[in-house]
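Data block below; observations after.
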Amino acid sequence: MPSPTFPPAVYQTLLAASGDDPQRRDLLGTPERAARAHADLFAGYTENPVALLRSAMEPNDPRHSGPVLLRNLSLYSHCEHHILPMDGVVHVAYRPGPWILGLSKIARAVAALAAQLQSQERLTREIADAINTAATPEGVLVACVARHHCMAHRGVRQTAADTVTLESRGSFLTDSAARQEILTLCRI
Ligand SMILES: [Zn+2]
Numbered sequence: 001m002p003s004p005t006f007p008p009a010v011y012q013t014l015l016a017a018s019g020d021d022p023q024r025r026d027l028l029g030t031p032e033r034a035a036r037a038h039a040d041l042f043a044g045y046t047e048n049p050v051a052l053l054r055s056a057m058e059p060n061d062p063r064h065s066g067p068v069l070l071r072n073l074s075l076y077s078h079c080e081h082h083i084l085p086m087d088g089v090v091h092v093a094y095r096p097g098p099w100i101l102g103l104s105k106i107a108r109a110v111a112a113l114a115a116q117l118q119s120q121e122r123l124t125r126e127i128a129d130a131i132n133t134a135a136t137p138e139g140v141l142v143a144c145v146a147r148h149h150c151m152a153h154r155g156v157r158q159t160a161a162d163t164v165t166l167e168s169r170g171s172f173l174t175d176s177a178a179r180q181e182i183l184t185l186c187r188i
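Letter 47 of the sequence shown, counting from 1, is numbered 47 in UniProt numbering, and no numbers are missing.
Dropping the structure here:
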């Protein structure tokens with residue numbers, strides 16, 4: 001699918017509303033550059049995370065019964081309330097059912113869901129649901145730790161605060177020891 005397009009005129013309006021002069025020499029190329037940057041930052045609307053995950057699944061080896069944990073995936077998204085960044089990390093754990101997922105596809109699915117306007121709660125839920133739908137694992141646990149720039153650099157200006165969100169599915173919902181094992185490995 002094509003990337004989203006952002007009309008450069010939008011940024012000329014934004015520059016003028018900020019009190020600057022869109023015709024100032026150093027700003028002449030800014031609308032085009034900003035439009036390309038936003039097309040990249042919001043490219044997730046054109047992606048299908050379940051299809052991404054399914055594109056690199058392999059049958060699980062039944063001798064492997066432990067969880068798989070991918071820690072510290074970079075998270076960079078934008079809150080749907082202020083269109084300001086939230087950044088941090090995502091930890092993704094799953095206990096395989098019939099399928100093993102490609103690790104890089106997990107990272108790409110997380111990035112696709114993050115490249116949209118999001119709330120941290122919904123992002124966490126959508127990552128867990130995409131993995132659940134794509135691979136029908138025995139359990140999924142997703143933890144996001146993020147700093148919201150709308151809280152850090154305006155409003156209440158809490159620069160040290162971060163937010164932790166968790167979503168559990170299947171065995172991680174019913175087995176609190178298994179859930180705790182993952183959270184300990186994530187140092188949450
Ligand atoms: Zn916000």
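We put the CB at the ideal spot given by N, CA and C, even for glycine.
Quiz item: So, T165 versus Q120, is the Cβ gap smaller than 8 Å?
Solution: Contact: yes.
Exercise. Mind checking which residues open and close the alpha helix (DSSP H) that includes A39?
Key: 30 to 41
Exercise. May I have the straight-line CA-CA distance separating N132 from R169, to the nearest angstrom?
Key: 8 Å
Exercise. Determine which residues share a DSSP beta bridge with R125 and list them.
Key: The partner list for R125 (beta bridge, DSSP) is empty, contrary to what the question assumes.
Quiz item: Nearest CA to the CA of P96: which residue from V110, M86, A134?
Solution: For P96, the nearest C-alpha among the options comes from A134.
Practice problem: Please report how far the alpha carbon of A9 lies from the alpha carbon of R108, in whole angstroms. | Solution: One C-alpha to the other measures close to 31 Å.
Quiz item: Straight-line CA distance for P98 to S3?
Solution: 34 Å
Quiz item: Can you tell which of H81, E181, I83, S77 has its C-alpha closest to the C-alpha of L89?
Solution: Correcting the residue identity first, residue 89 is Val in this sequence and not Leu. Comparing Cα positions, the closest option is S77.
Quiz prompt | Simplified DSSP state of M57, which is helix, strand or coil | solution = Of the three classes helix, strand and coil, the one that applies to M57 here is coil, per DSSP.
Quiz item: What is the DSSP secondary structure of E138, reduced to helix, strand or coil?
Solution: coil
Quiz prompt | Between the CA atoms of P22 and L53 - distance to the nearest angstrom | solution = 43 Å
Self-check item: In chain order, each beta strand (DSSP E) run of at least 3 residues that lies wholly inside the stretch 68 to 116
Solution: 68 to 79, 85 to 95
Quiz item: Cβ of V142 within 8 Å of Cβ of T163?
Solution: The answer is no: Cβ separation not under 8 Å.
Quiz item: Looking only at C-alpha atoms, which of S55, L173, H64, R147 sits nearest to A128?
Solution: Out of S55, L173, H64, R147, L173 has the C-alpha closest to the C-alpha of A128.
Quiz item: Could you give the distance in angstroms between the alpha-carbon of R25 and the alpha-carbon of A43?
Solution: Near 29 Å, if we compare the C-alpha coordinates of A43 and R25.
Self-check item: Alpha carbon of D20 to alpha carbon of S65, nearest angstrom
Solution: 60 Å
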